[in-house]
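Visitor: Below is the structure I would like to discuss, written out as structure tokens.
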Amino acid sequence: MRKYLLLIALALTCATSYGFSLEATRFHCADDTVKINRLLAEAKVAGLSTPNQYMLYFGEQLLGTPYVAHTLEGDKEYLTINIDQLDCTTFVETLVALTRTALQQSPTWYTYAANLERIRYQGGKVDGYASRLHYISAWIVENAAAGIVREVTSIIPNADSQIKSLYYMSANRDKYPALADSATFAAIKKLESGYNMHMSPLLRKNDLMKKEVIASLQDGDIVCLTTKTEGLDVMHLGIVKFDGKKPHLLHASSSSKKVVVDKYDLYEMLRPMRNCTGVRILRVTDN
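Heads up: the sequence shown begins at 0 in numbering that gives the first Met the number 0, then just goes up one per residue.
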């Protein structure tokens, strides 16, 4: 407990300069900061240089981490720091924040916290439930504009496009307790209105067996699984990990209840998923 209080005291002196508010931060446990610092320190001596190398490295370090859904939910919106319990979205956000931090001059847990807030929230600031980037299309737009990721889907051979309107959350208000608040519901509706007939690139899942497509993928690429579900854009996230010559998905799996590398390659994994239409591919930048 004393060590945890000392870390909090340190954060009070550093939080302002790194751009996140300690009052708006929620830790999973007293060891969160220690674990993050250890991961960052070990990565620094692992001989890595590119963002994709860091993404894969951190993903492999988190193999076996329990899958737990809804860890960000609560009566109030906090910047939740939790590397012990991950779902598919928080897994990818954790990897991106760790990677961005490792590439910076001050690779510590409070730099990580600032990066995580920048990645997870609109404008890079926690400002209530509606400020969280719930839709992956909005997440991509926000983080691409900030220079954190770039989408490479359109430059992969056979790339296609899709047009979708986002309204799943407002149409299923009862599934999201926070939307019982009328102001929060209105804010989500406003966000959704900005993605009416939104066009985005798409790589059809049947193309994932083609050699030229496989050759365009890299270890550590972020994979966004697109969906047929009306009003929704992405159904699952993970990163690429090659096993031999085939790309597999390293992800927080709800069926396996932990972070795993899927035993099937990406094409074979997605082929039987009737609700999955394809993928979008992102890369973390080295800005």
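Where a beta carbon is used, it is the ideal one built from N, C-alpha and C, also for glycine. Here the structure is a predicted model, which is why all the values come from computation and not from measurement.
Does the Cβ of Gly219 have 16 or more other Cβ atoms within 10 Å, making it buried, or fewer, making it exposed?
Guide: The residue labelled residue 219 in the question sits at position 220 within the sequence shown. Answer is buried; the Cβ neighbour count reaches 16.
Visitor: From which residue to which residue does the alpha helix (DSSP H) around Ile139 run?
Guide: For the purposes of this step, residue 139 is taken as residue 140 along the sequence shown, with counting starting at 1. 135-144 is the extent of the alpha helix (DSSP H) around Ile139.
Visitor: Threshold first: 3 residues or longer. Then list the beta strand (DSSP E) segments lying entirely within the stretch 109-184, N to C.
Guide: Runs of the beta strand (DSSP E) inside the stretch 109-184: 148-150, 159-163.
Visitor: Per DSSP, Met198 forms a beta bridge with which residues?
Guide: Taking the first residue of the sequence shown as 1, we reach residue 198 at position 199. Paired residue(s): Ile162.
Visitor: So, does the stretch 111-126 touch the stretch 89-100, judging by three or more C-beta pairs under 8 Å?
Guide: In short, these stretches touch, since the Cβ pair count reaches three.
Visitor: My parser needs the alpha helix (DSSP H) runs of 4 or more residues fully inside the stretch 13-63; what are they?
Guide: Taking only runs of at least 4 residues, the alpha helix (DSSP H) segments lying wholly in the stretch 13-63 are 31-43, 50-60.
Visitor: Apart from the five residues on each side of it in sequence, which residues of its chain come closer than 8 Å, Cβ to Cβ, to Ala158?
Guide: Residue 158 sits at position 159 when you count from the first residue of the sequence shown. If we look at Ala158 and ignore the five residues flanking it on each side, its Cβ neighbours are Thr152, Pro200, Leu201, Leu202.
Visitor: Tell me the DSSP secondary structure of Val67 in three-state form.
Guide: Numbered from 1 along the sequence shown, position 68 holds the residue referred to as residue 67. Of the three classes helix, strand and coil, the one that applies to Val67 here is coil, per DSSP.
Visitor: Using alpha carbons as the reference points, say which of Val278, Ala185, Gly146, Ala29 lies closest to Ile213.
Guide: What you label residue 213 is simply residue 214 of the sequence shown in a count that begins at 1. Looking at the Cα atoms, Val278 is the closest of the given residues.
Visitor: So what does DSSP say about Asp206, is it helix, strand or coil?
Guide: Translated into positions along the sequence shown, residue 206 becomes position 207. Three-state result, Asp206: helix.
Visitor: Does Thr88 come out as helix, strand or coil in the three-state DSSP assignment?
Guide: In the sequence shown, residue 88 corresponds to position 89, counting from 1. It is helical.
Visitor: Measure the C-alpha to C-alpha separation of Asn274 and Lys43 and round it to an integer number of angstroms.
Guide: Residue numbering aside, residue 274 sits at position 275 when the sequence shown is read from its first letter. Residue numbering aside, residue 43 sits at position 44 when the sequence shown is read from its first letter. Those two C-alpha atoms are separated by around 40 Å.
Visitor: Could you tell me whether the stretch 120-137 touches the stretch 177-194, using the rule of 3 or more Cβ pairs below 8 Å?
Guide: Result yes; three or more Cβ-Cβ pairs closer than 8 Å.
Visitor: Could you check the C-alpha separation between Ser20 and Gln103 for me, to the nearest Å?
Guide: Position 21 of the sequence shown, counted from the first residue, corresponds to residue 20. Position 104 of the sequence shown, counted from the first residue, corresponds to residue 103. Going by the C-alpha atoms only, they are around 20 Å apart.
Visitor: How many Å lie between Thr89 and Ile35 at the Cα?
Guide: In the sequence shown, residue 89 corresponds to position 90, counting from 1. In the sequence shown, residue 35 corresponds to position 36, counting from 1. Cα to Cα, Thr89 sits roughly 15 Å from Ile35.
Visitor: How far does the beta strand (DSSP E) with Tyr266 in it extend, from its first residue to its last?
Guide: For this step, residue 266 is matched to residue 267 along the sequence shown. No beta strand (DSSP E) holds Tyr266; the alpha helix (DSSP H) holding it covers 265-269.
Visitor: How would you call His69, buried or exposed, if buried means at least 16 neighbouring beta carbons within 10 angstroms?
Guide: As a first step, residue 69 is located in the sequence shown; it is residue number 70 there, counting from the start. So His69 counts as exposed.
Visitor: In terms of residues, what are the limits of the beta strand (DSSP E) holding Lys245?
Guide: In the sequence shown, the residue the question calls residue 245 occupies position 246. Where Lys245 is concerned, the enclosing beta strand (DSSP E) stretches over 245-252.
Visitor: Go ahead and pull the three-state DSSP assignment for Thr276.
Guide: On the sequence shown, position 277 is the one that residue 276 refers to. Thr276 falls in the strand class under three-state DSSP.
Visitor: Please report the straight-line C-alpha distance between Met196 and Ala40, rounded to a whole angstrom.
Guide: In the sequence shown, counting from the first residue as 1, residue 196 sits at position 197. In the sequence shown, counting from the first residue as 1, residue 40 sits at position 41. Distance between the alpha carbons of Met196 and Ala40: 44 Å.
Visitor: Check whether the Cβ atoms of Asp232 and Tyr194 sit closer than 9 Å, and answer yes or no.
Guide: On the sequence shown, residue 232 is found 233 positions in, with the first residue counted as 1. On the sequence shown, residue 194 is found 195 positions in, with the first residue counted as 1. Against a cut-off of 9 Å, the Cβ pair of Tyr194 and Asp232 comes out as a contact.
Visitor: Quick one: residues in its chain with C-beta nearer than 8 Å to the C-beta of Ser255, no 5 flanking neighbours on either side, listed in chain order?
Guide: For the purposes of this step, residue 255 is taken as residue 256 along the sequence shown, with counting starting at 1. Hits under 8 Å: Tyr66.
Visitor: For Leu231, which three-state DSSP category applies?
Guide: The sequence position of residue 231 within the sequence shown is 232, counting from 1. If DSSP states are grouped into helix, strand and coil, Leu231 belongs with coil.
Visitor: Consult DSSP for Leu94 and reduce its assignment to one of helix, strand or coil.
Guide: As a position in the sequence shown, residue 94 is number 95, starting the count at 1. Of the three classes helix, strand and coil, the one that applies to Leu94 here is helix, per DSSP.
Visitor: Keeping to the same chain, check which residues put their C-beta closer than 6 Å to that of Tyr167; ignore five residues upstream and five downstream.
Guide: Sequence index remark: in the sequence shown, residue 167 carries index 168 (1-based). Within the same chain, Tyr167 has close Cβ partners Gly230, Leu231.
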